[in-house]
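FYI, in full-length UniProt numbering the residues of the sequence shown are 1 to 242. For each residue, glycine too, the CB sits at the ideal point set by N, CA and C. Small disclaimer: the values here were computed from a predicted structure and weren't measured. Take a look at the structure below.
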Amino acid sequence: MKLISYNLRNHHAATDLVPLAEEHSPDALCLQEADTKRIPLRIGELELMHATAQSRLGLAVYLRTGRFQPQTLQITSLRKSFHDRVMKPGEDRLVMVRALDRKYDRDVVVASFHAAPLTSPNSLRRHQIRTAFTAMHEIGPGLPSMMAGDFNYPLFQSGLKRHIDTHGFEMNRSVKGTYSRYRVLRGNYDFALSRGFGVHEVVALPQGKSDHLPILVQTSLQHAAIEGKTAELDERVTLLPS
């Protein structure tokens, strides 16, 4: 499966989407900072499955209709940062789609994620990630899951990786940095977190009209996931207390 994740920088890079889809033929597309009232229902062979409606910095998930059949759609609010309370960009920072992958005849979960900005502490972003893991487990217990997006976590990524590992997910990123607008803030912001998928490569694509570079994730279902034997992965998922 090929997945592209792209932060559109307040929708400025929306015109990049059609060329990206034509050149790379992704099976899934995860967007952040999109104006969801203006994004198209279709981009080539991709169809809009779900998107936020209230957030100024919208999120969306597109899937290839010839391969995926949507089953469950969900938007989840994450813990607010100080920036969220003052600037009010919207509280929905996670969009999930559970869909039947016809190629392997099993359901998978694909999610677009946008963490709190750099003005927030890393502890808040880790909490948002844990909440996202819990939501993904609830929408598809034991299913192969992929969450891609803008994590706003350029420093201390080794600690973040260890934190993600304890929840049964794998963190993958490109070698090249994905944010380049301000020299002092440059780094790798855009990741793919997966469970039940084997990620072969994450590549930062050439920069378009956004301050983020789109990432292309090359992945496939792991053998255990294909056989439906993902119960052992669930044992490592630590759910947040109610």
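- Item | Secondary structure, alpha helix (DSSP H): runs of 4+ residues fully inside the segment 81-169 | 82-87, 122-139 and 157-165
- Item | Ala-53 burial status per 10 Å Cβ neighbour count (16 or more: buried) | What you label residue 53 is simply residue 53 of the sequence shown in a count that begins at 1. Per the 10 Å Cβ criterion, exposed.
- Quick one: any contact between the segment 164-172 and the segment 125-142, if contact means 3 or more CB pairs under 8 Å? yes
- Item | Proximity below 8 Å, CB of Leu-59 to CB of Gln-32 | In the sequence shown, counting from the first residue as 1, residue 59 sits at position 59. In the sequence shown, counting from the first residue as 1, residue 32 sits at position 32. Contact flag set, yes.
- List the residues that DSSP assigns as beta-bridge partners of Val-203. Here the question's residue 203 lines up with position 203 in the sequence shown. Paired residues: Leu-216.
- Out of Ala-148, Arg-125, Lys-37 and Val-97, point me to the one whose CA is closest to Val-174's CA. Translated into positions along the sequence shown, residue 174 becomes position 174. Note that residue 174 corresponds to Ser in the displayed sequence, not to Val. Among Ala-148, Arg-125, Lys-37 and Val-97, the Cα nearest to that of Ser-174 is on Ala-148.
- Task: Express the C-alpha separation of Gln-222 and Met-1 in angstroms, rounding to a whole number.
- Result: Mapped onto the sequence shown, residue 1 falls at position 1. Mapped onto the sequence shown, residue 222 falls at position 222. Approximately 12 Å between the Cα atoms of the pair.
- Item | For Asp-16, the three-state DSSP class (helix, strand or coil) | Reading the sequence shown from its first residue, position 16 is the one you call residue 16. Helix at Asp-16.
- When we look at the beta-carbon of Phe-197 and count the other beta-carbons within 10 Å, is it buried (16 or more) or exposed? What you label residue 197 is simply residue 197 of the sequence shown in a count that begins at 1. Burial call: buried.
- Beta-carbon gap between Ser-145 and Arg-64 smaller than 8 Å: In the sequence shown, residue 145 corresponds to position 145, counting from 1. In the sequence shown, residue 64 corresponds to position 64, counting from 1. It is not a contact, given that the beta carbons lie outside the stated cut-off.
- Message: Can you find the residues in the same chain that come closer than 7 Å, C-beta to C-beta, to Gly-66, ignoring five residues on each side of it along the sequence?
- Response: Working through the sequence shown from its first residue, we reach residue 66 at position 66. Glu-45.
- Task: Measure the C-alpha to C-alpha separation of Asp-92 and Thr-219 and round it to an integer number of angstroms.
- Result: Along the sequence shown, read from residue 1 onward, the residue named residue 92 stands at position 92. Along the sequence shown, read from residue 1 onward, the residue named residue 219 stands at position 219. Cα-Cα distance, rounded: 27 Å.
- Message: On the DSSP letters alone, give me the boundaries of the beta strand (DSSP E) that Lys-2 sits inside.
- Response: As a working mapping, residue 2 is identified with position 2 in the sequence shown. Start and end: 2-7.
- Message: Helix, strand or coil for Glu-45? Go by DSSP, reduced to three states.
- Response: Translated into the one-based positions of the sequence shown, residue 45 becomes position 45. Reduced to three states, the DSSP call for Glu-45 is coil.
- Just the Cα atoms here: how many angstroms apart are Val-61 and Leu-193? Counted from its first residue, the sequence shown places residue 61 at position 61. Counted from its first residue, the sequence shown places residue 193 at position 193. Cα to Cα, Val-61 sits roughly 15 Å from Leu-193.
- Straight-line CA distance for Thr-230 to Gly-142? Along the sequence shown, one-based indexing puts residue 230 at 230. Along the sequence shown, one-based indexing puts residue 142 at 142. Here the model assigns Thr-230 a pLDDT of 47, short of 50, so the residue's position is not dependable, and the following value carries that caveat. Going by the C-alpha atoms only, they are around 5 Å apart.
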